[in-house]
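Residue numbers (this note's numbering): 1 to 297.
Glycine included, each C-beta is placed from N, C-alpha and C at the ideal position.
Input: a single structure, listed below in structure tokens.
So this is what it looks like as structure tokens:
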């Protein structure tokens, strides 16, 4: 049995056929748009899905930026993929696929499920640091979706920061406004030559103090967030993924900051096992393991 798995993010859209042994074939990648209206969104995915014949898959499994609750799309970060609040998301993909079964969840929740299926840690948190910051929770071997399917929006937690650009309430800012790839690059927007996220990390390695300060602010925001989750949820195992976490030494910088805190805030940190395909794999696994049996479908 195969599903068409779709990862809808703020930077890229990835698609692939995945079977119930998690073999990945026909993986394609496209540049995201952040100017979607419902009409543009439908045409965009109509074109993408034209790369696959409907006979190649039995269902569609989606991990998307934003929230899909009872089939309806909303997003807390309006600039992520466009103005789609209220879109009948599941019905749209059913229509595009000719009536096939569709399961959809938040992209970080999908990645969480993939990492859980590999690590088999009964209580864990997945943290993705990429275009935005998100996450997901496994509590007693079950994925936490929440009453409105918004569990895991940890990038919207407030943390204290030295960055005046990101502050939204006194000295506090949302984690993703300090630590995301978008925020790291934006911190250089007033420089004579603004840098990309990759260039900021390269600058830190080269000893540039301004780049070092930006990365350290980002690592500190993630460390504060993790410490708050440790003490509030009694979770000690965290899997970190997303493009920012893959840069040299970022996870170790977060770990060093956590270890400098009192012991009750310490945690074990692991790099994500599935890399850039975690959302694709997790959405497919969620369909095979949960939706087929009617759990959280």
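Notebook entry, point to check: Would the region 112-130 and the region 92-99 be scored as touching if the rule is three or more Cβ pairs under 8 Å?
Noted result: no
Notebook entry, point to check: What are the uninterrupted segments assigned as alpha helix (DSSP H) that are 4 or more residues long and contained completely in the region 227-285, given in chain order?
Noted result: 250-259
Check: Residue range of the beta strand (DSSP E) that residue 124 falls in?
Finding: 124-129
Check: What's the call for residue 177, buried or exposed, on a 16-neighbour Cβ count within 10 Å?
Finding: buried
Notebook entry, point to check: From residue 254 to residue 117, what does the alpha carbon distance come to, in whole angstroms?
Noted result: 25 Å
Checklist line | One or two residues paired with residue 106 in a DSSP bridge | finding: 64
Notebook entry, point to check: Does DSSP put residue 69 in a helix, a strand or coil?
Noted result: strand
Check: Are there 16 or more other CB atoms within 10 angstroms of the CB of residue 1, so buried, or fewer, so exposed?
Finding: exposed
Notebook entry, point to check: Nearest to residue 128 by CA position, among 241, 154, 6, is which residue?
Noted result: 241
Notebook entry, point to check: Which runs of the alpha helix (DSSP H) fall wholly inside the region 169-205 and span at least 4 residues, in chain order?
Noted result: 176-179, 181-186, 197-205
Notebook entry, point to check: For residue 37, which three-state DSSP category applies?
Noted result: coil
Notebook entry, point to check: Apart from the five residues on each side of it in sequence, which residues of its chain come closer than 7 Å, Cβ to Cβ, to residue 296?
Noted result: With a pLDDT of 48 at residue 296, under the threshold of 50, the modelled position of this residue cannot be trusted, and the question is left open.
Notebook entry, point to check: Going by the CB atoms, is the gap between residue 280 and residue 16 shorter than 7 Å?
Noted result: yes
Notebook entry, point to check: Among the residues of its own chain, which have a CB less than 8 Å from the CB of residue 32, if the five just before and after it don't count?
Noted result: 8, 9, 10, 11, 12, 13, 81
Notebook entry, point to check: Does the beta-carbon of residue 187 have 16 or more other beta-carbons within 10 angstroms, so that it is buried, or is it exposed?
Noted result: buried
Next item on the list: Return the CA-CA distance between residue 3 and residue 285, expressed in angstroms with no decimal places.
Entry: 10 Å
Next item on the list: Please say whether residue 222 and residue 166 have beta carbons closer to each other than 7 Å?
Entry: no
Note to self: For the beta strand (DSSP E) containing residue 12, name the first residue and the last one.
What the structure shows: 12-19
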